[in-house]
Every structure is written in structure tokens, then in C-alpha cells.
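Report on the following structure.
Numbering (UniProt numbering), first residue to last: 1 to 194.
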């Protein structure tokens with residue numbers, strides 16, 4: 001695999017849920033990576049929704065999308081400044097862990113989902129989002145790492161057809177935009193408000 005490509009996610013059963021896990025190397029310090037994954041400006045470069053709330057344990061979170069009236073909610077499960085963050089987003093949960101690695105930081109990103117048929121769609125979305133994160137901190141990514149259509153097909157091949165029953169929005173209507181504007185909710189832009 002080319003050093004610039006993001007490695008694909010793994011899919012692991014966890015009780016009645018499924019966990020998508022990504023390992024992404026970021027060419028910045030752990031603290032700079034923390035800023036990129038938790039601040040308004042940092043999240044705006046890669047996270048699919050705006051988040052209102054505080055990164056404190058048990059704090060409520062509100063997720064909104066620019067072009068939709070849809071609002072969803074979550075809660076901070078755990079927050080260790082500079083190291084890890086875990087929160088719920090409706091029925092899903094997201095966990096981020098930062099570790100110093102070589103000349104930068106390794107982000108381990110895990111998303112727990114409730115239905116295996118969403119796995120390829122959600123993996124494609126998060127993969128494109130994490131590529132946008134890597135690019136936002138000065139890392140190079142391949143175009144295919146941000147092409148949701150290509151990524152969905154790749155994950156369908158990796159995980160099987162049963163993991164690809166939920167298609168990304170607009171899947172049959174042409175190319176998907178990894179910004180999330182016509183792609184799946186998962187990759188795109190977003191911000192957090194203090």
C-alpha cells in the first residue's frame with residue numbers, strides 16, 4: 001500500500017453492535033492533532049456536522065447539518081484532554097484516541113454502529129472524513145481516499161454484500177461529493193461551538 005493511502009477500516013462484531021476501526025497517521029504533534037479533532041476550526045475541516053456542546057464527560061451534544069433542519073443529539077462519554085474522546089451520536093458511538101507515533105500522531109478512530117448493513121456506507125463516509133482530516137493537518141492523501149463512490153465499492157468488497165445494504169445518498173445518481181453535500185452523512189464539514 002502506498003504510504004499516502006489511508007489503510008482501510010476493520011469491521012468487528014461487538015455484542016449486538018459492529019465497530020469500524022481506523023488507524024490514521026497524522027504528521028503533527030499529539031496536541032496539534034487534538035486541536036484538529038476537537039476545536040471548531042479543526043472539526044470544520046473534516047467532521048460531517050456542526051457540534052454544539054462541551055467536551056466534558058456527561059455533557060450533552062447537538063449535531064446539525066448546514067442544509068438540513070435535522071437535529072440529532074449525543075452525549076460525551078469520556079474526555080481526556082490531549083489523549084482521547086468518546087461520545088454518542090444518536091444510536092452510534094464514536095471514540096478517538098491519540099498516540100505519539102514516529103514523527104507524528106496516530107489517531108485510532110472507532111465508530112460503533114447498530115446494523116451491519118450500514119458498515120460499507122459508514123466506513124466510506126468516515127474514511128473520506130478522516131482523509132479530509134489528514135489533509136487539513138498537512139498530510140497528503142490519494143484522490144481515491146476522498147471518493148465516496150470508490151470507497152463504498154471497496155468496503156463492499158472487503159466486508160461483503162451483507163454489509164452494503166444501506167447505500168449512500170445519491171449513490172445511483174452520479175459521483176458523490178466527499179464534502180457531505182450530496183454524500184453520506186459521515187464525511188464532510190462541520191464545526192463545534194464552545
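Yeah, the Cβ is synthetic: ideal placement off N, Cα and C, and Gly gets one too.
Here residue 57 carries a coil assignment [DSSP, helix/strand/coil]. Under the three-state reduction of DSSP output, residue 49 falls in the coil class, being neither helix nor strand. Annotated three-state conformation of residue 16 is coil, per DSSP.
In this model, residue 41 and residue 49 are separated by some 12 Å (Cα to Cα). Assigned with DSSP and collapsed to three states, residue 69 falls in coil, not helix or strand. Shown here, residue 6 sits in coil according to DSSP, grouped into three states, outside any helix or strand. Its chain contains 25, 26, 27 and 28 as the residues whose beta carbon lies nearer than 7 Å to that of residue 104, once the 5 sequence neighbours on both sides are disregarded; these appear in chain order. The beta carbon of residue 90 sits closer than 6 Å to the beta carbons of 72 from its chain, once the five residues preceding and following it are set aside; these are given in chain order.
Where residue 156 is concerned, the enclosing alpha helix (DSSP H) starts and stops at 148–159. Pairing residue 6 with residue 141 gives a Cβ-Cβ distance under 8 Å.
For the segment 70–141, the continuous beta strand (DSSP E) assignments of 3+ residues that do not extend past its boundaries occur at 71–80, 84–89, 92–101 and 104–113, in sequence order.
In this structure residue 119 touches residue 113 by the C-beta definition: roughly 7 Å separates them, less than 8 Å. Distance from the CA atom of residue 46 to the CA atom of residue 126, rounded to whole angstroms, is 9 Å. In the DSSP annotation of this structure, the continuous segment of the alpha helix (DSSP H) that includes residue 37 starts and ends at 30–38.
One alpha carbon belongs to residue 39, the other to residue 60, and they sit about 16 Å apart.
Residue 95 holds the alpha-carbon nearest to the alpha-carbon of residue 83 among 135, 95 and 51. Residue 123 is not a Cβ neighbour of residue 43, given a cutoff of 8 Å. By the neighbour-count criterion, in which 16 or more other beta carbons inside 10 Å mark a residue as buried, residue 163 falls on the buried side. At the C-beta level, residue 87 and residue 74 come within 8 Å of one another.
With a beta-carbon spacing of about 11 Å, residue 8 and residue 130 fall beyond the 8 Å limit used to define contacts.
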